[in-house]
Amino acid sequence: MFLKKILLFIFIFYAFILNAYLSTYEAANHLGEVAEVCGFCVSINYENERQGKPVILDFEKKYPEQVFSVIIYEINIKKFEKPPEEIFLNKPVCVKGLIDAIKGVPFIIVSDPQQIQIMKRYDIESDEIYAWKQSKDYHNTWFKNKDRIKLKIILNAIGYKLNIKDDTWDLETYRAVVDFQNKRKIPVDGLVKRKVLFEMENVINQSKDLNYQKKKELYYMIQSLLKRKI
Numbered sequence: 357m358f359l360k361k362i363l364l365f366i367f368i369f370y371a372f373i374l375n376a377y378l379s380t381y382e383a384a385n386h387l388g389e390v391a392e393v394c395g396f397c398v399s400i401n402y403e404n405e406r407q408g409k410p411v412i413l414d415f416e417k418k419y420p421e422q423v424f425s426v427i428i429y430e431i432n433i434k435k436f437e438k439p440p441e442e443i444f445l446n447k448p449v450c451v452k453g454l455i456d457a458i459k460g461v462p463f464i465i466v467s468d469p470q471q472i473q474i475m476k477r478y479d480i481e482s483d484e485i486y487a488w489k490q491s492k493d494y495h496n497t498w499f500k501n502k503d504r505i506k507l508k509i510i511l512n513a514i515g516y517k518l519n520i521k522d523d524t525w526d527l528e529t530y531r532a533v534v535d536f537q538n539k540r541k542i543p544v545d546g547l548v549k550r551k552v553l554f555e556m557e558n559v560i561n562q563s564k565d566l567n568y569q570k571k572k573e574l575y576y577m578i579q580s581l582l583k584r585k586i
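Read in order, the letters of the sequence shown are residues 357 to 586 in my numbering.
Encoded structure:
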């Protein structure tokens, strides 16, 4: 038994290292494998009449239509700082372990709190921070350093106070783009694409605070950015 526990730990460890990620809908195709399964916990039930008095976490749909389940036996519940429903209910959850099935429904038995956790994105990041990181990746990929500076100069010219000497796509720059998209009724995603650049051009043309020379300078900046594949 001790050897089996050691082997299970090793399997779980390597599954984590390799980032073996499955959705709850994929789990049924991986029976007998040790992997990480992630999904949305929609219900938690205490089945005190069953042997071991397990707590059942159902994912995506409630029993009896659940897509995937997690089983935590009573003896292991005390290892958690709070009752499972206070930690996992109505949240995106990832669980690592051996995938088995009962009546066609895949499940993982959790014996240690280290096996199960809230999905990292939701645990440590707000939606805004997550979206900003996606925006930063996009602009770092599609824009050179000098082009990110141009974008910040344009945003600064239309009313957003940004550090135009730094090409970093920081949170304030992301917020400026989102605010601009909101005000111009453009789909909000924090990404500067062609439609955003055209709207920036319109705002600059209509501005009464910018002189002709400044408008001309900004116009050429926008044209150079429009030539890019974005």
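Each residue gets a CB set at the ideal place from its N, CA and C atoms; glycine is no exception. Keep in mind that this is a model prediction, so the values were computed, not measured.
Simplified DSSP assignment, three categories, for residue i
i	result
Lys417	coil
Phe536	helix
Gln470	helix
Ile322	An answer regarding residue 322 cannot be provided, because it is not within the stretch 357 to 586 covered by the chain.
Lys500	coil
Ile366	In this predicted model, Ile366 has a pLDDT of only 48, less than 50, meaning its place in the structure is not dependable; the value taken from the coordinates is given anyway. Helix.
Ile520	coil
Ile431	helix
Ala371	Note on Ala371: pLDDT 44, under 50, position unreliable in the model; no value is reported.
Met475	coil
Phe554	helix
Buried or exposed (CB count within 10 angstroms, at least 16 for buried), residue i
i	result
Asp483	exposed
Arg406	exposed
Ile431	exposed
Ala371	Its pLDDT being 44, under 50, Ala371 is placed unreliably by the model, and the measurement read from it follows with that caveat. That one is buried.
Asp522	exposed
Gln569	exposed
Gly546	buried
Pro420	exposed
Residue i Cβ short of 6 angstroms to the ligand FMN heavy atom set
i	result
Glu555	No copy of the ligand FMN occurs in the structure displayed, which carries no ligand at all.
Rounded straight-line distance, which links the Cα of residue j to that of residue i
i	j	result
Glu573	Ile443	54 angstroms
Asp414	Tyr486	27 angstroms
Asp535	Gln579	22 angstroms
Asn446	Ile472	15 angstroms
Ser399	Val548	40 angstroms
Phe499	Asn538	23 angstroms
Tyr494	Leu507	13 angstroms
Ser491	Val423	33 angstroms
Ile560	Leu566	8 angstroms
DSSP bridge partner residues for residue i (one or two, in chain order)
i	result
Lys447	Cys397
Leu378	Val393
Lys452	Glu392
Ser563	Paired residues: none, contrary to the question.
Tyr402	Val411
Ser425	Asp414, Phe463
Ile509	The partner list for Ile509 (beta bridge, DSSP) is empty, contrary to what the question assumes.
Ala457	Pro462
Looking at C-beta atoms only, is the number of pairs between the segment 569-583 and the segment 526-542 that lie closer than 8 angstroms three or more?
-> Result no; under three Cβ-Cβ pairs closer than 8 angstroms.
For the segment 451-464 against the segment 381-399, are there 3 or more C-beta pairs whose distance is under 8 angstroms?
-> Remark: three or more beta-carbon pairs, one from each stretch, lie closer than 8 angstroms, so the segment 451-464 and the segment 381-399 are flagged as touching.
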